[in-house]
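Participant: Respectively, the protein sequence lines represent chains Y and C. Reading the first sequence from the start, the letters are residues 52 to 408 in the working numbering. Reading the second sequence from the start, the letters are residues 41 to 177 in the working numbering. No residue lacks a Cβ here, since even glycine has one placed at the ideal position from N, Cα and C.
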Amino acid sequence: MEPVNPSSMQAIDCDIHPAVPSTRALLPYLDEYWREHILRRGLEADNLELSAFPVNADLNSRPDWRPARGIPGSDFDLLRSQVLEPFQSRFAICNVLHGAQAMFSEDLSAALCRAINRWVAAEWLDRDPRLRASIVVPPHSADLAAEEIDRCASDPRFVQVLMLELTELPLGRRQNWPIYAAAERHGLPVGIHAGSSFRHPPSGLGWPSFYLEDYVSFAPGFGAVLNSLVTEGVFVKFPKLKVVLIESGVTWLPAYLWRIDKTWRGVRAETPWVDRLPSEIIREHVRLTIQPFDEPPEQSQVQTLIEQIGSDEMLLFSTDYPHWHFDGIEAMPNGLPPDLIKKILIDNPLATYPRLS
Amino acid sequence: MSRHVVAAVGEIAPGTCKLVTVKGREIGVFNVNNEFFALINRCPHQGAPLCRGEILSRLVSKSPGQYELTHRGEMLRCPWHCWEFDIRTGQSWCEPDSVQARTYAVEIEPGSELAKGPFAAETVPVAIEQDYVVITV
Ligand code: FES
């Protein structure tokens, strides 16, 4: 099969990562009080990047996308020439990953998230009509997060709420529900991106020694996220909510669904609100971005995997720019059936993000 | 199809089950609040002796944190993988459309009727003044 060229269809890129170049860049977008707070503490000298993405980690940027200076993803012109133009995307959704999402202080976290959302609107969305963004929120304060969602939702270019995968509290817990209530109220899916508060290990085993160990642990971590969302009853409480797993990998999903279904049949009485197969709930409410896909060795196995996933509505096109998962424009896994390709590139994103239509 | 007298009514207390063998088949006869039902003693999932499972209620919920106990004593939980079955219908709770335990029609007949026959009384001696559980297999 020929590699798919997403540019021929004007795809919708559901995951790109503009980066805050430095905390100084956020100063004009901070509330006056917090600007002074940050300057008094000297925090502007720290870039406050999430420690999953140390600037020089190889996977953090494709070699040909790495800028001569500065943080990958922080230059608008480069982003335009490296991803918007080659892929001819009709929309691309900016997911800003930043230490604001991991901060202990709920108020400082909220202040920085507000600044990031203003910054992304002014420095990115205003500069290119194809760009859309996720609302960055202080995940450890659901009330402040909901306030920020309410504030940003009046700008239709914000199409999603962004959370990190492994936070202090399993994401399904009731303390987080104000976030889901706000998201549902405004027709915004909740995007859950690989990442953590980075003060607890990525798996229950404890801290890993190596990058390989650490990075790979994030894929099974998404299974834990789904366990939490399903068993706590988030999708029963918020029946219109959609969740998008971003940079989660895809091919772990079928085995995960078999396991949760099988176990549910025997222990379902413990969580009686989960009153149908978890796989059905997940197929209805959960979407996954396509990069990284974690492709099997043979194209024919891709077809099998798609059948096992059991839905043609779950996958959304993404490049994960500037992270390095593929070369050239071969962002789509080989071996996908043609009907599915169009759904992944266009129809599924449109169905998932009502604000894109 | 033939009708079989499998127990005197008083023999199976509410909330319990009597295992009988009819035509070589093991069948559980349940008294659910003085209504009688019969299920094959073989789980449609993987063949466990279903009727030896626990008799329970149905735990349901409309919303997380809301708990409701219904169908008191009307559910049977398979001893192997804990799937729940409706004793009345044999229907599986988790796979209602595809998994169902075989049920048998049950009737209560007075001994005076039974004496007229023709019934296969199996091992149950019939007295005119008692009522009996009769299943059709
Ligand atoms: S054999 Fe009965 S649930 Fe598996």
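Would I311(Y) pass as a contact of P323(Y) if the rule is Cβ separation under 8 Å?
Facilitator: Within the first sequence, numbered from 1, the residue matching residue 311(Y) stands at position 260. Within the first sequence, numbered from 1, the residue matching residue 323(Y) stands at position 272. No, the Cβ-Cβ distance between I311(Y) and P323(Y) is not below 8 Å.
Participant: Which parts of the stretch 91-164 of chain Y are runs of the beta strand (DSSP E), unbroken and 3 residues or longer, counting only runs that do not cross its ends?
Facilitator: 142-145, all fully within the stretch 91-164 of chain Y.
Participant: Applying the criterion that 16 or more other CB atoms from any shown protein chain within 10 Å of the CB defines a buried residue, is D66(Y) buried or exposed?
Facilitator: Stepping through the first sequence from its first residue, residue 66(Y) is reached at position 15. With 16 or more other Cβ atoms within 10 Å, it is buried.
Participant: Which residue from K156(C), A53(C) and C57(C) puts its Cα closest to that of R92(C)?
Facilitator: Translated into positions along the second sequence, residue 92(C) becomes position 52. Measuring from the Cα of R92(C), the nearest candidate turns out to be C57(C).
Participant: Compare the C-beta of H111(C) with all C-beta atoms of chain Y and state if any pair is closer than 8 Å.
Facilitator: Here residue 111(C) refers to the residue found at position 71 of the second sequence. It does not: the Cβ of H111(C) has no partner Cβ on chain Y nearer than 8 Å.
Participant: Could you tell me the distance, in whole angstroms, from the CA atom of I341(Y) to the CA atom of V301(Y)?
Facilitator: Against the first sequence, residue 341(Y) aligns to sequence position 290. Against the first sequence, residue 301(Y) aligns to sequence position 250. Straight-line Cα distance between these residues: approximately 7 Å.
Participant: Relative to ligand 1, is the shortest distance from any of its heavy atoms to the C-beta of Q140(C) smaller than 7 Å?
Facilitator: Numbered from its first residue, the second sequence carries residue 140(C) at position 100. Checking every heavy atom of ligand 1 against the Cβ of Q140(C), none is found closer than 7 Å.
Participant: Cβ of H376(Y) versus every heavy atom of ligand 1: is any distance shorter than 7 Å?
Facilitator: One-based indexing of the first sequence puts residue 376(Y) at position 325. False, no ligand heavy atom lies under 7 Å from that Cβ.
Participant: As a quick exercise: from I67(C), A167(C), E149(C) and C134(C), pick the residue whose alpha carbon is nearest that of R98(C).
Facilitator: Reading the second sequence from its first residue, position 58 is the one you call residue 98(C). Ranking the options by Cα distance to R98(C), first place goes to C134(C).
Participant: With a threshold of 8 Å between beta-carbons, can A320(Y) be considered close to chain C, or not?
Facilitator: Working through the first sequence from its first residue, we reach residue 320(Y) at position 269. Yes, A320(Y) lies at the interface with chain C (some Cβ there is under 8 Å from its Cβ).
Participant: Enumerate, from N- to C-terminal direction, the unbroken alpha helix (DSSP H) stretches of 4 or more residues contained entirely within the stretch 325-401 of chain Y.
Facilitator: Runs of the alpha helix (DSSP H) inside the stretch 325-401 of chain Y: 329-336, 350-360 and 389-393.
Participant: Is the closest heavy atom of ligand 1 to the C-beta of A145(C) under 7 Å?
Facilitator: Here residue 145(C) refers to the residue found at position 105 when the second sequence is read from its first residue. No; taking the cut-off as 7 Å, the Cβ of A145(C) has no heavy atom of ligand 1 nearer than that.
Participant: Along the alpha helix (DSSP H) that carries K196(Y), what are the first and last residues, could you check?
Facilitator: Along the first sequence, read from residue 1 onward, the residue named residue 196(Y) stands at position 145. Just to set this straight, residue 196(Y) is Ala in the shown sequence, not Lys. Looking at the DSSP string, the run of the alpha helix (DSSP H) that includes A196(Y) is A193 to C203.
Participant: Please work out which residues of its chain come closer than 8 Å, Cβ to Cβ, to Y307(Y), disregarding the five sequence neighbours upstream and downstream, and give them in chain order.
Facilitator: To locate residue 307(Y), count along the first sequence from 1; it is residue 256. Correct list, in chain order: G274 and L277.
Participant: Taking CB distances under 8 Å as the criterion, tell me whether P119(C) reaches chain Y.
Facilitator: As a first step, residue 119(C) is located in the second sequence; it is residue number 79 there, counting from the start. So, not an interface residue.
Participant: Between which two residues does the beta strand (DSSP E) holding P150(C) run?
Facilitator: What you label residue 150(C) is simply residue 110 of the second sequence in a count that begins at 1. Element bounds for P150(C): T143 to P150.
Participant: Within 8 Å (strictly less), CB to CB, does W324(Y) reach chain C?
Facilitator: Numbered from 1 along the first sequence, position 273 holds the residue referred to as residue 324(Y). Judged by the 8 Å Cβ criterion, W324(Y) is in contact with chain C.
Participant: For ligand 1, which residues count as neighbours when the test is a C-beta closer than 5 Å to any heavy atom?
Facilitator: C83(C), H85(C), Q86(C), A88(C), C118(C), W120(C), H121(C) and W123(C)
Participant: Within 10 Å of its beta-carbon, does T143(C) have 16 or more other beta-carbons around it, so buried, or fewer, so exposed?
Facilitator: Mapped onto the second sequence, residue 143(C) falls at position 103. Under this definition T143(C) is a buried residue.
Participant: Tell me which residues share the same chain as W375(Y) and place their Cβ nearer than 8 Å to its Cβ, disregarding the 5 neighbours each side in the sequence.
Facilitator: In the first sequence, residue 375(Y) corresponds to position 324, counting from 1. Closer than 8 Å at Cβ, skipping near neighbours: D109, L110, N111, S112, R113, P114 and W116.
Participant: Between the beta-carbon of S254(Y) and the beta-carbon of T218(Y), is there less than 8 Å?
Facilitator: In the first sequence, residue 254(Y) corresponds to position 203, counting from 1. In the first sequence, residue 218(Y) corresponds to position 167, counting from 1. No, the pair does not count as a contact, with Cβ atoms beyond the cut-off.
Participant: In three-state DSSP terms, what is V318(Y)?
Facilitator: Taking the first sequence and counting its residues from 1, the one referred to as residue 318(Y) is at position 267. Helix.
Participant: If we define contact as Cβ-Cβ less than 8 Å, is G361(Y) a contact residue for chain C?
Facilitator: The residue you call residue 361(Y) lines up with position 310 of the first sequence. Chain C contact via Cβ: absent.
Participant: Closer than 7 Å: is that where the CB of V100(C) sits relative to any heavy atom of ligand 2?
Facilitator: Ligand 2 is not among the ligands present in this structure, which contains only ligand 1.
Participant: Mind listing the chain Y neighbours of P165(C)? Cutoff is C-beta to C-beta under 7 Å, in chain order.
Facilitator: Along the second sequence, read from residue 1 onward, the residue named residue 165(C) stands at position 125. Those do not exist, as P165(C) stays about 41 Å from chain Y at its closest Cβ, beyond 7 Å.
Participant: With a threshold of 8 Å between beta carbons, is R316(Y) in contact with chain C?
Facilitator: Counting from one through the first sequence, the residue named residue 316(Y) turns up at place 265. Yes, R316(Y) lies at the interface with chain C (some Cβ there is under 8 Å from its Cβ).
Participant: If we define contact as Cβ-Cβ less than 8 Å, is V173(C) a contact residue for chain Y?
Facilitator: As a working mapping, residue 173(C) is identified with position 133 in the second sequence. No - not a single Cβ of chain Y is within 8 Å of the one on V173(C).
Participant: Quick check: what's the CA-CA separation for H237(Y) versus Q61(Y)?
Facilitator: Position 186 of the first sequence, counted from the first residue, corresponds to residue 237(Y). Position 10 of the first sequence, counted from the first residue, corresponds to residue 61(Y). About 26 Å.
Participant: By the 9 Å beta-carbon criterion, what residues does the stretch 81-114 of chain C contribute toward chain Y?
Facilitator: Closer than 9 Å at the C-beta level to chain Y, one finds these residues of the stretch 81-114 of chain C: H85, L96, R98, L99, V100, S101, K102, S103, P104, G105, Q106, Y107 and E108.
Participant: If the cut is a Cβ gap below 8 Å, which residues of chain Y does C134(C) touch?
Facilitator: The residue labelled residue 134(C) in the question sits at position 94 within the second sequence. Those are W315, R316, R319 and L328, listed as they occur along chain Y.
Participant: So is E331(Y) in contact with chain C if we call contact Cβ pairs under 8 Å?
Facilitator: Indexing the first sequence from 1 puts residue 331(Y) at position 280. Taking Cβ atoms only, chain C never reaches closer than 8 Å to E331(Y), which makes this a no.
Participant: With the cut-off set at 8 Å, would you say R178(Y) and A143(Y) are in Cβ contact?
Facilitator: In the first sequence, the residue the question calls residue 178(Y) occupies position 127. In the first sequence, the residue the question calls residue 143(Y) occupies position 92. Contact flag unset, no.
Participant: In chain order, what residues of the same chain lie with their CB nearer than 7 Å to the CB of Q140(C), ignoring the 5 residues before and after it?
Facilitator: For the purposes of this step, residue 140(C) is taken as residue 100 along the second sequence, with counting starting at 1. Contacts found: P84, G130, Q131 and S132.
Participant: Would you please verify whether the beta carbon of C122(C) is less than 8 Å from any beta carbon of chain Y?
Facilitator: The residue labelled residue 122(C) in the question sits at position 82 within the second sequence. Output row for C122(C): interface = yes.
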